[in-house]
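What follows is a short report on a single structure.
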Ligand SMILES: [Fe+2]
Ligand SMILES: [Fe+2]
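Residue numbers (our numbering): 5 to 225.
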């Protein structure tokens, strides 16, 4: 490791295997760190990569936040019924997902979407109102939302794999793990009679249209 006389201005980094090589812009001195200097995402190479990662993490955080609020709404209505523990279990997983994205956002100084207050209310209202239709209503909502989130995660996985699977190993690991959890939630909904709800397909399509709109704006605002 070389030391510069001035305060080093490490402007860019290069990941070489498990090491991170950072180079000072003023004197070109390099600083090699033996382990990765990041836990989930690499220091962005340029503004384009930063924008891409910001967008991915912002929308994922918003999605997990919304999902957590949906389960909160379902619990407010069905918490004391026989379905309560099942919903609680899925909610607990959403809380873990959200916590992880909270962590990543803070670590990388990425601001969350400005629409969190809206997702707070919209998520809770969606969860509570579908739960008022009964257990089947809540499960239909779960199937619709979780299918949308899984598809969304799958498209992110595809995009990151196409770009550079090595570089985004850690992020891919997290997204894949969460995607699997969402698929489990989706299957749980189906196993608990989601499809027996009258108007199931109509409700499912309406909710998924809402999810698409939410994903679109959360990436941008
Ligand atoms: Fe989740
Ligand atoms: Fe989920």
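Cβ atoms here follow ideal geometry from the backbone N, Cα and C, with glycine treated the same way. All values derive from a computational prediction rather than experimental measurement.
Does the distance from the CB of residue i to the CB of residue j come in under 8 Å?
i	j	result
residue 171	residue 46	yes
residue 72	residue 102	yes
residue 137	residue 201	yes
residue 74	residue 131	yes
residue 120	residue 225	no
residue 94	residue 156	no
Grouping DSSP H, G and I as helix and E and B as strand, with all else coil, what is residue i?
i	result
residue 196	coil
residue 115	coil
residue 224	helix
residue 125	helix
residue 149	helix
residue 85	coil
residue 203	coil
residue 138	coil
residue 215	helix
residue 72	helix
residue 49	coil
residue 37	Legend: pLDDT at residue 37 = 49, less than 50; position of this residue unreliable, no value from coordinates given.
residue 43	coil
residue 172	coil
residue 55	helix
With a threshold of 6 Å on Cβ separation, who are the neighbours of residue i within its own chain once the five nearest residues in sequence on each side are excluded?
i	result
residue 186	150, 153 and 154
residue 223	59 and 63
residue 196	143
residue 191	none
residue 44	108, 174 and 175
residue 16	Residue placement at residue 16 is flagged as unreliable, the pLDDT there being 49, under the threshold of 50; the coordinate-derived value follows with that caveat. Taken in chain order, the list of residues that qualify is empty.
residue 204	144
residue 139	87
residue 70	123 and 127
residue 206	none
Using C-beta distances below 7 Å, list every residue in its chain close to residue i, excluding the 5 sequence neighbours before and after it, in chain order.
i	result
residue 228	Past the boundaries of the shown model lies residue 228; the chain is included only from 5 to 225, so the question cannot be answered.
residue 97	185
residue 158	183
residue 208	144, 147 and 148
residue 180	161
residue 99	72
residue 68	98, 101, 102 and 105
residue 129	77
residue 117	62, 66, 222 and 225
So, at 8 Å on beta carbons, what are the nonlocal neighbours of residue i in its own chain, with the 5 sequence-adjacent residues on each side left out?
i	result
residue 169	176
residue 20	Its pLDDT being 46, under 50, residue 20 is placed unreliably by the model, and the measurement read from it follows with that caveat. If we look at residue 20 and ignore the five residues flanking it on each side, it has no Cβ neighbours.
residue 61	45, 105, 108, 109, 112 and 114
Mind the definition here: the segment 102–112 touches the segment 80–90 only if three or more C-beta pairs lie below 8 Å; say whether that holds. Pairwise C-beta distances place the segment 102–112 out of contact with the segment 80–90, as fewer than three of them are shorter than 8 Å.
State whether the segment 74–82 contacts the segment 132–147, with contact taken as three or more CB pairs (one from each stretch) at a distance under 8 Å. Output reads yes: the segment 132–147 touches the segment 74–82.
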